[in-house]
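Structure record follows, encoded as structure tokens.
There are 2 protein chains.
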Amino acid sequence: MKSPSMAKTVGMVKAYAAQNKDAPLAPMEIRRRELGPSDVSIAIRYCGICHSDLHKARDEWGVTQYPIVPGHEIVGQIEATGSAVGKFKTGDWVGIGCLIDSCLTCQSCKNGQEQHCEKGATYTYNSPDIHLGGMTYGGYSEKIIVDEAFVLRIPKELDPAAAAPLLCAGITIYSPMVRWNVKKGEKVGVAGIGGLGHVAVKIAKALGSHVTAITTSESKAQAARILGADDSLISNDADAMAKNVQTLDVIIDSIPASHDVDALLQLLKRDGVLVLVGLPAEPLQVFAKTLARKSRILTGSQIGGITQTQEMLDFCAAHGIVADVEIIPIQKINEAYARMKKGDVHYRFVIDMASLKESNKKSTAR
Amino acid sequence: MKSPSMAKTVGMVKAYAAQNKDAPLAPMEIRRRELGPSDVSIAIRYCGICHSDLHKARDEWGVTQYPIVPGHEIVGQIEATGSAVGKFKTGDWVGIGCLIDSCLTCQSCKNGQEQHCEKGATYTYNSPDIHLGGMTYGGYSEKIIVDEAFVLRIPKELDPAAAAPLLCAGITIYSPMVRWNVKKGEKVGVAGIGGLGHVAVKIAKALGSHVTAITTSESKAQAARILGADDSLISNDADAMAKNVQTLDVIIDSIPASHDVDALLQLLKRDGVLVLVGLPAEPLQVFAKTLARKSRILTGSQIGGITQTQEMLDFCAAHGIVADVEIIPIQKINEAYARMKKGDVHYRFVIDMASLKESNKKSTAR
Numbered sequence: 001m002k003s004p005s006m007a008k009t010v011g012m013v014k015a016y017a018a019q020n021k022d023a024p025l026a027p028m029e030i031r032r033r034e035l036g037p038s039d040v041s042i043a044i045r046y047c048g049i050c051h052s053d054l055h056k057a058r059d060e061w062g063v064t065q066y067p068i069v070p071g072h073e074i075v076g077q078i079e080a081t082g083s084a085v086g087k088f089k090t091g092d093w094v095g096i097g098c099l100i101d102s103c104l105t106c107q108s109c110k111n112g113q114e115q116h117c118e119k120g121a122t123y124t125y126n127s128p129d130i131h132l133g134g135m136t137y138g139g140y141s142e143k144i145i146v147d148e149a150f151v152l153r154i155p156k157e158l159d160p161a162a163a164a165p166l167l168c169a170g171i172t173i174y175s176p177m178v179r180w181n182v183k184k185g186e187k188v189g190v191a192g193i194g195g196l197g198h199v200a201v202k203i204a205k206a207l208g209s210h211v212t213a214i215t216t217s218e219s220k221a222q223a224a225r226i227l228g229a230d231d232s233l234i235s236n237d238a239d240a241m242a243k244n245v246q247t248l249d250v251i252i253d254s255i256p257a258s259h260d261v262d263a264l265l266q267l268l269k270r271d272g273v274l275v276l277v278g279l280p281a282e283p284l285q286v287f288a289k290t291l292a293r294k295s296r297i298l299t300g301s302q303i304g305g306i307t308q309t310q311e312m313l314d315f316c317a318a319h320g321i322v323a324d325v326e327i328i329p330i331q332k333i334n335e336a337y338a339r340m341k342k343g344d345v346h347y348r349f350v351i352d353m354a355s356l357k358e359s360n361k362k363s364t365a366r
Numbered sequence: 001m002k003s004p005s006m007a008k009t010v011g012m013v014k015a016y017a018a019q020n021k022d023a024p025l026a027p028m029e030i031r032r033r034e035l036g037p038s039d040v041s042i043a044i045r046y047c048g049i050c051h052s053d054l055h056k057a058r059d060e061w062g063v064t065q066y067p068i069v070p071g072h073e074i075v076g077q078i079e080a081t082g083s084a085v086g087k088f089k090t091g092d093w094v095g096i097g098c099l100i101d102s103c104l105t106c107q108s109c110k111n112g113q114e115q116h117c118e119k120g121a122t123y124t125y126n127s128p129d130i131h132l133g134g135m136t137y138g139g140y141s142e143k144i145i146v147d148e149a150f151v152l153r154i155p156k157e158l159d160p161a162a163a164a165p166l167l168c169a170g171i172t173i174y175s176p177m178v179r180w181n182v183k184k185g186e187k188v189g190v191a192g193i194g195g196l197g198h199v200a201v202k203i204a205k206a207l208g209s210h211v212t213a214i215t216t217s218e219s220k221a222q223a224a225r226i227l228g229a230d231d232s233l234i235s236n237d238a239d240a241m242a243k244n245v246q247t248l249d250v251i252i253d254s255i256p257a258s259h260d261v262d263a264l265l266q267l268l269k270r271d272g273v274l275v276l277v278g279l280p281a282e283p284l285q286v287f288a289k290t291l292a293r294k295s296r297i298l299t300g301s302q303i304g305g306i307t308q309t310q311e312m313l314d315f316c317a318a319h320g321i322v323a324d325v326e327i328i329p330i331q332k333i334n335e336a337y338a339r340m341k342k343g344d345v346h347y348r349f350v351i352d353m354a355s356l357k358e359s360n361k362k363s364t365a366r
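Same order as they appear, the protein sequences are chains A and B.
Per our numbering, the very first residue in the first sequence carries number 1; after that it's consecutive.
Per our numbering, the very first residue in the second sequence carries number 1; after that it's consecutive.
Here's what the structure looks like:
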């Protein structure tokens, strides 16, 4: 299986970066590290646009270090392997999600929860770069060099472009569904039908559960039914909400903005679980009695470990699940951000990275 | 074991009631139902004063029906048994907690979770009375008639007066500790050291865990250490709180008023659980990221089922656990409420019901 190293250094590569919170994303050359023994070099073919890319590029969470090259839904092909690489060979279709490094020795890493690494995981972008210093640069770029331990195999059954969003959105949904035992016979609510929510409907259906889409308009409810939802509930219809109190076992709440989570909690049966995956920045208001009266559980979840991410990809391959995507050239990234901000995407933008070569030709020609 | 019925009717009994939300509690005669085949008549010896008694008597939750006779931490002796009663005989020391009836046939009842009865459990006071109509009257009274299925055996090792608060406070603490697997090697936080919290410290220690009392003053922290806490943390000491981020497995949060639950959640390790048992009326503010980053769980719990309540009493007997109580005559009930409201009790008032006879003599003599 081991293939010879094809390149010792990769050096400078083309990318798209934001230089400050107000600047549009624009071409920039970034440096990639030398290929280490356990590293692979990946030619990036597609990169999904996650809502966090926008939050981070615009410094909406107040922690961004500039310049930033976003992108953590990366699909590409191996173009070089380090001398000790065993799992991959040149030409393989592979994926990189939100994580590119962790200690691999702490209890969390040993439990396959590298995202909770006790020494701090390295995220794919805007995270301290332990190799080159500065911050890591993400997938809006030509190439990336990553330790093979953090590289996922993209099953051949999956369309590579439409599989890209699974690397973040897919695992963010799959991990809590496994944790909270979503299965046949369970009633699952999916609140918010966007990038995360549309994948949640598909995965919950594939796990055999009965899915109720919880959304704010009849048109979104209809769209959710097209995705496979069995039922729908309009969250600002007080009568409908009251009728559905205590009907659901699990709710995946993907709403990214402030909302009435207490009203959603009331939809849960005894011992029911609401998992926050949308992560609004504002605090949520919850009544103790809503939780106590029926021993309801409010929790949250972020991505998942590497082994489980591979399990999710294999599960999606077995069930024919990919994201619904709109493919764009990198030159339309700022327009895509603007549309995403308005919720104008069904359901995920994916950048075709072949466009980056074209872009940079123009950029250097200017 | 079966003993003959000693009385067919009990009729009118002495009690203390509030007639409206502003009136002090005062003597009143109430009716008890006839003894049914599976009923026992209990001569009440002691009744604990729970914070909910005060909330309900003063209609702080907006649902009280007057007159109200509070009291759901009842310890007494069997004085008569119905023809079909098998578990108890005259003279037995028994307890009644918050529940006196449920359907016993729904899935929740079959699972031993009568408090979650799908047809609605009957609570010991201010709950629709299925036998006599009107509302049920609680333990601030001479006698009570209850189906033996809802009667607990008070182990002989326990002081009856000090055992009374276990019927509500004890099970409210024990049930979530069992549910969330508190055991040797676990680090447990107890937030709020009052009626519930002081029992939580004792039960968590008896389960073998390392206990940190989380409270607002050094004097309360010292008091908690006297109760058995291994450690303490002053919740408004920001440095101490920051130092203790991610150190606890489970927090039992017994604080009855609005507080910063997000700060407490941050003390939890990955997959840690905070259980709300204090039930403040105001909504609590929680940040989604606090939950998501470490898959933390926020939940709540209220009392427990009958089988588990007996298990708790037997556990307390085996470990010598009772509440720390201050015994009062019923004539001091209004003073006790006033002191409880100021937090001036270590840690639970218990009414000596022998005083009720004296009281009513005076009352009728007036």
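Note that CB positions come from ideal geometry on N, CA and C, so glycine has one too.
TODO: Using a cut-off of 8 Å between C-beta atoms, extract the partners of residue 270(B) located in chain A.
DONE: By one-based count along the second sequence, residue 270(B) stands at place 270. 108, 113 and 116, listed in chain order.
Open item on the list: Just verifying my parser: in three-state terms, what is the DSSP assignment at residue 287(A)?
Closed with: Here residue 287(A) corresponds to residue number 287 of the first sequence, with the count starting at 1. Three-state result, residue 287(A): coil.
Open item on the list: For residue 73(B) and residue 321(B), I'd like the C-alpha separation in whole angstroms.
Closed with: Translated into positions along the second sequence, residue 73(B) becomes position 73. Translated into positions along the second sequence, residue 321(B) becomes position 321. Roughly 16 Å between the two C-alpha positions.
TODO: Along the beta strand (DSSP E) that carries residue 225(A), what are the first and last residues, could you check?
DONE: The residue given as residue 225(A) occupies position 225 in the first sequence. Per DSSP, residue 225(A) is not a residue of any beta strand (DSSP E); the alpha helix (DSSP H) it occupies stretches across 218 to 227.
Open item on the list: Does the contact criterion of 3 or more C-beta pairs under 8 Å hold for the region 130 to 144 of chain B versus the region 86 to 105 of chain B?
Closed with: Result yes; three or more Cβ-Cβ pairs closer than 8 Å.
- [ ] Mark residue 114(B) as exposed unless 16 or more other C-beta atoms lie within 10 angstroms of its C-beta, in which case mark it buried.
- [x] Here residue 114(B) refers to the residue found at position 114 when the second sequence is read from its first residue. Buried, since its Cβ has 16 or more Cβ neighbours within 10 Å.
- [ ] Could you confirm whether any beta carbon from chain B is found closer than 8 Å to the beta carbon of residue 307(A)?
- [x] By 1-based counting over the first sequence, the position of residue 307(A) is 307. Output row for residue 307(A): interface = no.
Open item on the list: Could you tell me the alpha carbon to alpha carbon distance between residue 221(B) and residue 234(B), rounded to whole angstroms?
Closed with: To locate residue 221(B), count along the second sequence from 1; it is residue 221. To locate residue 234(B), count along the second sequence from 1; it is residue 234. Their backbone Cα atoms lie some 7 Å apart in a straight line.
- [ ] Give me whichever residues DSSP pairs with residue 191(A) in a beta bridge.
- [x] In the first sequence, the residue the question calls residue 191(A) occupies position 191. Bridge partners of residue 191(A): 214(A) and 253(A).
- [ ] Take residue 337(A) and list the residues in its own chain whose beta-carbon comes closer than 6 Å to its own, dropping the five residues that flank it on each side.
- [x] As a working note, residue 337(A) is residue 337 in the first sequence. Correct list, in chain order: 54.
Open item on the list: Considering Cα atoms alone, identify which of 197(B), 162(B), 207(B) and 94(B) is closest to residue 182(B).
Closed with: Here residue 182(B) refers to the residue found at position 182 when the second sequence is read from its first residue. When only C-alpha atoms are compared, the closest one is 207(B).
Task: Partner residues on chain B for residue 291(A), Cβ-Cβ distance less than 8 Å - done: Along the first sequence, one-based indexing puts residue 291(A) at 291. The answer, in chain order, is 276, 298, 299 and 300.
Open item on the list: Let me see if you follow: with CB-CB separation under 8 Å, is residue 317(B) close to chain A or not?
Closed with: Residue numbering aside, residue 317(B) sits at position 317 when the second sequence is read from its first letter. Not one chain A Cβ lies under 8 Å of residue 317(B).
Open item on the list: On the DSSP bridge list, what partners appear for residue 349(A)?
Closed with: For this step, residue 349(A) is matched to residue 349 along the first sequence. For residue 349(A), which the question treats as bridged, DSSP gives the partners 326(A).
- [ ] Could you tell me the distance, in whole angstroms, from the CA atom of residue 155(A) to the CA atom of residue 164(A)?
- [x] Within the first sequence, numbered from 1, the residue matching residue 155(A) stands at position 155. Within the first sequence, numbered from 1, the residue matching residue 164(A) stands at position 164. In this structure, the CA atom of residue 155(A) is about 12 Å from the CA atom of residue 164(A).
- [ ] Assign residue 134(B) to buried or exposed, taking buried as 16 or more other Cβ atoms, counted over all protein chains shown, within 10 Å of its Cβ.
- [x] On the second sequence, position 134 is the one that residue 134(B) refers to. Counting Cβ neighbours within 10 Å, residue 134(B) comes out exposed, since fewer than 16 surround it.
Task: Entirely enclosed beta strand (DSSP E) segments - the region 14 to 73 of chain A, minimum 3 residues - done: Qualifying beta strand (DSSP E) stretches, in chain order: 26 to 32 and 39 to 48.
Open item on the list: Quick check on residue 176(A): buried or exposed, where buried means 16 or more other Cβ atoms within 10 Å of its Cβ?
Closed with: One-based indexing of the first sequence puts residue 176(A) at position 176. The residue is buried, with at least 16 neighbouring Cβ atoms inside 10 Å.
- [ ] Tell me whether residue 61(A) is buried or exposed, calling it buried when 16 or more other Cβ atoms sit within 10 Å of its Cβ.
- [x] The residue labelled residue 61(A) in the question sits at position 61 within the first sequence. The C-beta of residue 61(A) has fewer than 16 other C-beta atoms within 10 Å across all chains shown, which makes the residue exposed.
TODO: Would you mind listing the alpha helix (DSSP H) stretches within the region 263 to 321 of chain A that are 4+ residues and don't spill past its ends, in chain order?
DONE: Qualifying alpha helix (DSSP H) stretches, in chain order: 288 to 293 and 306 to 319.
TODO: Check whether the Cβ atoms of residue 82(A) and residue 40(A) sit closer than 8 Å, and answer yes or no.
DONE: Looking up residue 82(A) in the first sequence gives position 82. Looking up residue 40(A) in the first sequence gives position 40. The beta carbons of residue 82(A) and residue 40(A) sit closer together than 8 Å.
Task: DSSP bridge partner residues for residue 128(A) (one or two, in chain order) - done: Mapped onto the first sequence, residue 128(A) falls at position 128. Residue 128(A) is bridged to 135(A).
Task: Reference residue 193(B); option with closest CA among 266(B), 254(B) and 112(B) - done: The sequence position of residue 193(B) within the second sequence is 193, counting from 1. Considering only alpha carbons, the answer is 254(B).
Task: Residue from 95(A), 96(A) and 120(A) with nearest C-alpha to residue 107(A) - done: Taking the first residue of the first sequence as 1, we reach residue 107(A) at position 107. Distances from the CA of residue 107(A) to each of 95(A), 96(A) and 120(A) were compared; the closest alpha carbon is that of 120(A).
Task: Interface partners of residue 262(A) on chain B, CB under 9 Å - done: Sequence index remark: in the first sequence, residue 262(A) carries index 262 (1-based). Those are 283, listed as they occur along chain B.
Open item on the list: Can you find the residues in the same chain that come closer than 6 Å, C-beta to C-beta, to residue 276(A), ignoring five residues on each side of it along the sequence?
Closed with: Stepping through the first sequence from its first residue, residue 276(A) is reached at position 276. Counting only residues of its own chain and dropping the five nearest sequence neighbours on each side, residue 276(A) has a CB closer than 6 Å to the CB of 253 and 300.
Open item on the list: In this structure, how does DSSP classify residue 258(A) when only helix, strand and coil are distinguished?
Closed with: Looking up residue 258(A) in the first sequence gives position 258. Three-state DSSP puts residue 258(A) in coil, outside helix and strand.
Open item on the list: Strictly below 7 Å CB to CB, what residues from chain B border residue 287(A)?
Closed with: Within the first sequence, the letter at position 287 stands for residue 287(A). Taking a Cβ-Cβ threshold of 7 Å, the residues of chain B close to residue 287(A) are 283, in chain order.
Open item on the list: Can you tell me whether residue 357(B) is helix, strand or coil according to DSSP?
Closed with: Position 357 of the second sequence holds residue 357(B). In the structure shown, residue 357(B) adopts helical secondary structure according to DSSP, grouped into three states.
Task: Closer than 8 Å to chain D by CB, residue 243(B) - done: Although the question refers to chain D, the structure presented lacks it and instead comprises the protein chains A and B.
TODO: Verify the CB distance criterion: does residue 160(A) have a CB-CB separation below 8 Å to chain B?
DONE: Here residue 160(A) refers to the residue found at position 160 when the first sequence is read from its first residue. By the rule that beta-carbons nearer than 8 Å mark a contact, residue 160(A) does not touch chain B.
TODO: Under 6 Å Cβ to Cβ from residue 284(A), same chain only, skipping five residues before and after it: list those, please.
DONE: Taking the first sequence and counting its residues from 1, the one referred to as residue 284(A) is at position 284. Same-chain partners within the cutoff: 261.
Task: CA-to-CA distance, residue 169(A) to residue 187(A), given in whole angstroms - done: Against the first sequence, residue 187(A) aligns to sequence position 187. Against the first sequence, residue 169(A) aligns to sequence position 169. Rounded to the nearest angstrom, the two C-alpha atoms are 21 Å apart.
- [ ] For residue 200(A), count neighbouring Cβ atoms within 10 angstroms of its own Cβ and tell me buried if that reaches 16, exposed if not.
- [x] Your numbering for residue 200(A) matches position 200 in the first sequence. By the 10 Å Cβ count, residue 200(A) comes out buried.
Task: Cβ-Cβ distance between residue 56(B) and residue 70(B) below 8 Å - done: The residue given as residue 56(B) occupies position 56 in the second sequence. The residue given as residue 70(B) occupies position 70 in the second sequence. Yes, these two residues count as a Cβ contact at 8 Å.
TODO: Identify whether residue 123(A) lies in helix, strand or coil by the three-state DSSP scheme.
DONE: Position 123 of the first sequence, counted from the first residue, corresponds to residue 123(A). Residue 123(A): strand per DSSP, three-state reduction.
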